[in-house]
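Under my numbering, think of the first position of the sequence shown as -10, with each following residue one higher. Even for Gly, the Cβ is constructed at its ideal location relative to N, Cα and C.
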Amino acid sequence: MNWTRLTDATQLDQIKEESTEQPVLIFKHSTTCSISAMALSRMERNWSDAAGIKPYYLDLLANRSLSAQVAETFDVQHQSPQVLLIHNGACVYDASHMAISFQMLTQAV
């Protein structure tokens, strides 16, 4: 799984644009949370590049304000851990905690 790090608010416009070509995943991860670590591990174990989803990784502790911008930009409530699936510029699926599932992501595409 090849993560692209989400570290700057300018990337949000890029993500919206990319999502018109292929779905984009944003994984919001808290590096100090065991539930977040478990959700990340499960996602990485089940990931398949064949699904055609581009994955972005947001470290919540290093980028707190950016996490709030993600929630506002895509009109979702902030959670941690959280995945957002962006397609055609909008969030079409989001899940948090143990509801994070690669299978559910692929069904939402």
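- Buried is the label assigned to leucine 49, since at least 16 other Cβ atoms lie within 10 Å of its Cβ.
- Leucine 47 has Lys17 as its beta-bridge partners, per DSSP.
- When Ser85, Ser90, Val72 are compared, the shortest CA-CA separation from valine 13 is found for Val72.
- Taking serine 8 as reference, the option from Met(-10), Gly41, Ser23, Glu33 with the minimal CA-CA separation is Gly41.
- Relative to glutamate 61, the option among Leu1, Ser37, Tyr45 whose CA is nearest is Leu1.
- Excluding five sequence positions before and after lysine 43, the CB atoms of its chain that fall closer than 8 Å to its own CB belong to Thr(-7), Glu7, Gln11, Pro12, Val13, Leu14, given in chain order.
- Taken in chain order, the complete alpha helix (DSSP H) segments of 4 or more residues contained in the region 18 to 85 are 23 to 35, 53 to 62.
- In the DSSP annotation of this structure, the continuous segment of the alpha helix (DSSP H) that includes glutamine 0 starts and ends at -1 to 7.
- In the displayed model, threonine -7 falls within a strand according to three-state DSSP.
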